[in-house]
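Chemist:
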Amino acid sequence: MAEKERYRAKLKEAGLRHTLPRDRILALLDKKNAHYTPEEIFKKLRDRGFDVGLSTIYLNLHVLREHGIIQEFRDLHGNTRYDGWTEPHVHLVNLENGKIEDIPLGDLPELNLQEVVSAVEQKTGWKIKDFRIEFRGAPAKEE
Ligand SMILES: [Zn+2]
Numbered sequence: 010m011a012e013k014e015r016y017r018a019k020l021k022e023a024g025l026r027h028t029l030p031r032d033r034i035l036a037l038l039d040k041k042n043a044h045y046t047p048e049e050i051f052k053k054l055r056d057r058g059f060d061v062g063l064s065t066i067y068l069n070l071h072v073l074r075e076h077g078i079i080q081e082f083r084d085l086h087g088n089t090r091y092d093g094w095t096e097p098h099v100h101l102v103n104l105e106n107g108k109i110e111d112i113p114l115g116d117l118p119e120l121n122l123q124e125v126v127s128a129v130e131q132k133t134g135w136k137i138k139d140f141r142i143e144f145r146g147a148p149a150k151e152e
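FYI, the numbering for the sequence shown is 10 to 152, going by the working numbering.
#1: Three Cβ pairs or more, each shorter than 8 Å: is that satisfied between the region 11-22 and the region 84-93?
#2: Going by C-alpha distance, which of A36, R145, R31, T28 is nearest E12?
#3: Do you know how far the Cα of P113 is from the Cα of E119?
#4: Measure from the alpha carbon of A147 to the alpha carbon of each residue in E110, H27, D56, then state which is nearest.
#5: Could you please give the first and the last residue of the uninterrupted alpha helix (DSSP H) stretch that includes R33?
#6: I need the DSSP call for L25, collapsed to helix, strand or coil.
#7: Tell me the DSSP secondary structure of G146 in three-state form.
#8: Judging by CA-CA distance, which residue of K52, L70, R57, L104 is the nearest neighbour of A149?
#9: Quick test of your reading: L73 and R31, contact by CB under 8 Å. State the CB separation rounded to the nearest angstrom.
#10: According to the Cβ coordinates, are L70 and I34 closer than 8 Å?
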């Protein structure tokens, strides 16, 4: 499916209208290692000639997050960032420079995360909707 149709289907599935700002935001965030702040999204879209206001970006990020289409998280400096990469992945956070890299779960030995989620649900009586795994560190130095 072409990217555009994929986003349209995704929005429809969530009961959301397909609008140009939503489409552009999803296209920007649905990439490996793309974890942008609202201001960065604003700047990137403007640089690409898309005339959009920062308040429109904020509003749409909020709606997309509320509907589970993108994820929101804080980086080491407390900045709110958004992630829309649809490939299941974990984050590798570099404590030296704050960079966040994506590692697809498919590149790792099979982890039975669903089993862990089920165990947490049984223990707490919660319904888990979402979770995130973040590894923090830095490249190992040669001695
Ligand atoms: Zn990510």
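Note that the Cβ used here is the ideal one computed from N, Cα and C, for glycine as well.
Source: prediction; values computed, not measured.
Modeler: The answer reads as follows:
#1: no
#2: A36
#3: 11 Å
#4: E110
#5: 29-38
#6: coil
#7: strand
#8: L104
#9: 7 Å
#10: yes
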